[in-house]
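Undergrad: Before anything else, here's the structure in question.
Right under this line is the structure:
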């Protein structure tokens with residue numbers, strides 16, 4: 002027997018980025034040794050960029066405690082749930098003033 006999905010009224014997603022611990026140091030000191038990072042997090046739903054945390058300077062164990070809410074209407078929620086690429090991903094980057102930011106992990 003096949004299950005059927007009724008019409009969605011909408012979808013609300015609450016996301017909180019709390020902290021990270023023991024990230025890799027990406028920034029070099031004046032002596033050339035990697036000692037710290039300037040991490041931030043980007044949040045994606047599938048390939049869709051949703052939100053970015055603030056950058057926490059000079060740490061490998063940042064605490065953000067930042068939240069956001071994504072509200073989707075019925076049509077958008079139904080479309081999202083019908084695709085295969087609908088995973089929520091949090092990607093960590095190291096901010097660089099010069100050049101591209103360094104990916105640190107997912």
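In the numbering used here, the protein residues as written are 2 to 107. Glycine residues also receive a C-beta, built at the ideal position from the N, C-alpha and C atoms. Note that the coordinates shown come from a computational prediction; the quantities given were computed from them, not determined experimentally.
#1: Classify residue 32 as buried or exposed, calling it buried when 16 or more other Cβ atoms lie within 10 Å of its own Cβ.
#2: From what residue to what residue does the alpha helix (DSSP H) around residue 82 run?
#3: What number of angstroms, rounded off, separates the C-alpha of residue 11 from the C-alpha of residue 79?
#4: Can residue 59 and residue 41 be called in contact, C-beta distance under 8 angstroms?
#5: Taking residue 127 as part of the beta strand (DSSP E), name the residues at either end of that continuous run.
#6: For residue 104, list the residues DSSP reports as bridge partners.
TA: In this structure, then:
#1: exposed
#2: 75-82
#3: 8 angstroms
#4: no
#5: The structure shown does not extend to residue 127, since the chain spans only 2 to 107, so no value can be given for it.
#6: 94
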